[in-house]
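**Q** Have a look at the structure that comes next, please.
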Amino acid sequence: MGEIDIALIVKMITIGLVQGFTEPIPVSSSGHVMIASEILGLGEQGFTFAILTNTASLFAILFIYRKDIARLAVNSILYLKTKNLRYKSDFRFVFFIIIGTIPAGVLGILLSDYIAESVSMKTIAVMLFVTGIALWLIRNLKGNKDESDITIKDAFLVGLGQAVALTPGISRSGATIISAVAVGMKQDTALRFSFMLYIPVSLGGVILGLSDFLNEPNKADLAIPYLAAFIATLLMTYFAMKWFMGIMKNGKLVYFTYYCFIVGALLLIFF
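Counting in full-length UniProt numbering, the sequence shown runs from 1 upward without gaps.
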């Protein structure tokens, strides 16, 4: 393997690590991937690469929440079959996830061409400031709603937050967690609901983009770099998510306010 190939693999791994680290946390993974690509001189990575790394992040989140997902699926089916009240809370939670998925699903289909357009570094900077301000506004909110207290209105409002995150540079996890905390959810409930919403939207994106991935003309040449990026993203998403869960548990979400402001300012200065 030549030096150019090795260099490309290292760069792809770096992009994968950036995607994996920033996917769970409220700082816009797509924005950070663009920043890293610009610094590394890779330009835009393209839709195929985005599908690949997003799939890796999805697999990591699915693994972390595998027990919750299995319980929710089994108990929802049991409730539909038996109407036993012991399964009702899990069924309701799945129903609210469906409600929360609708806004982003509809807008994602309607605005797919716009969303796919490139975005400038200044736009990312502005959106990071917006995210930072929103995180600052909810820094002292201590909700009291757990899964059993969520309403259709709450689910839909958080879903609207996820829809807003279709805007390039807005963090999906940030928008949904901020929305969930704003409607009164406990931070651990907000985190779980946020990433349960992430699963169907991300899965839908993977399915819709599968044909583009399969028709990618350079797959064979990029197989090793893509595989390296996939593994890097998968592992980093797992560890970043575990770390972020600890941050949320300790109520330190405000740290990301400072991060968003600092990175936003650096982008305005140097780009």
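A virtual CB, placed ideally from N, CA and C, is assigned to each residue, including glycine.
Do Thr-123 and Gly-174 have their C-beta atoms closer together than 7 Å?
**A** Not closer than 7 Å, so no.
**Q** Roughly how many angstroms lie between the CA atoms of Gly-251 and Gly-41, to the nearest whole one?
**A** If you take the alpha carbons of Gly-251 and Gly-41, they lie about 37 Å apart.
**Q** What three-state label does DSSP hand Lys-145 in the structure shown?
**A** In this structure, Lys-145 counts as strand in the three-state DSSP scheme.
**Q** Please name the residue, chosen from His-32, Ile-97 and Ala-7, that lies closest to Val-263 on a Cα-to-Cα basis.
**A** Comparing Cα positions, the closest option is His-32.
**Q** Got a sec? Which residues, its chain only, sit under 8 Å from Ala-228 by beta carbon, not counting five neighbours each side?
**A** For Ala-228, where only same-chain residues beyond five positions count, the Cβ hits under 8 Å are Ile-9, Met-12, Ile-13 and Gly-16.
**Q** Considering Ala-265, what are the terminal residues of the alpha helix (DSSP H) in which it resides?
**A** Looking at the DSSP string, the run of the alpha helix (DSSP H) that includes Ala-265 is 255-270.
**Q** Output the distance between the C-alpha atoms of Asp-154 and Met-248, rounded to the nearest integer angstrom.
**A** Rounded to the nearest angstrom, the two C-alpha atoms are 20 Å apart.
**Q** For Thr-22, does the three-state DSSP call read helix, strand or coil?
**A** DSSP places Thr-22 in helix when its eight states are reduced to three.
**Q** Tell me which same chain residues have a C-beta within less than 6 Å of the C-beta of Leu-141, skipping the five on either side of it?
**A** Excluding residues within five positions, the ones whose Cβ falls inside 6 Å are Val-181.
**Q** Report, in whole angstroms, the separation of the C-beta atoms of Thr-189 and Lys-145, which I expect to be a contact under 8 Å.
**A** That pair is a contact at about 6 Å.
**Q** Please list the terminal residues of the continuous alpha helix (DSSP H) segment that includes residue 288.
**A** The question about residue 288 has no answer here: the residues shown for the chain are numbered 1 through 271.
**Q** Okay, do the region 231-239 and the region 132-139 touch, 3+ Cβ pairs below 8 Å being the bar?
**A** Short answer: they don't touch.
**Q** Runs of 4 residues minimum, wholly inside the region 161-220: which ones carry the alpha helix (DSSP H) assignment?
**A** 172-182 and 187-214, all fully within the region 161-220.
**Q** Could you check how far apart the C-beta atoms of Ile-61 and Thr-237 are, in whole angstroms? I think they sit under 8 Å.
**A** So it is a contact: roughly 7 Å between Cβ atoms.
**Q** Using 8 Å for Cβ pairs, my map puts Ala-163 next to Pro-225. What's the rounded Cβ distance?
**A** Ala-163 to Pro-225, Cβ: 33 Å. No contact.
**Q** What would DSSP say about Val-42, mapped onto helix, strand or coil?
**A** Sequence check: residue 42 is Leu here, not Val. Here Leu-42 sits in coil by DSSP.
**Q** Could you tell me the boundaries of the alpha helix (DSSP H) in which Lys-88 lies?
**A** Lys-88 -> alpha helix (DSSP H) spans 88-110.
**Q** For Arg-139, name the three-state secondary structure that DSSP assigns.
**A** DSSP places Arg-139 in coil when its eight states are reduced to three.
**Q** Three or more beta-carbon pairs under 8 Å between the region 86-96 and the region 60-77, yes or no?
**A** The region 86-96 vs the region 60-77: in contact.
**Q** Among residues of its own chain, excluding the 5 on either side of Asp-5, which ones have a beta-carbon nearer than 8 Å to its beta-carbon?
**A** Answer for Asp-5: Ile-224 and Pro-225, listed in chain order.
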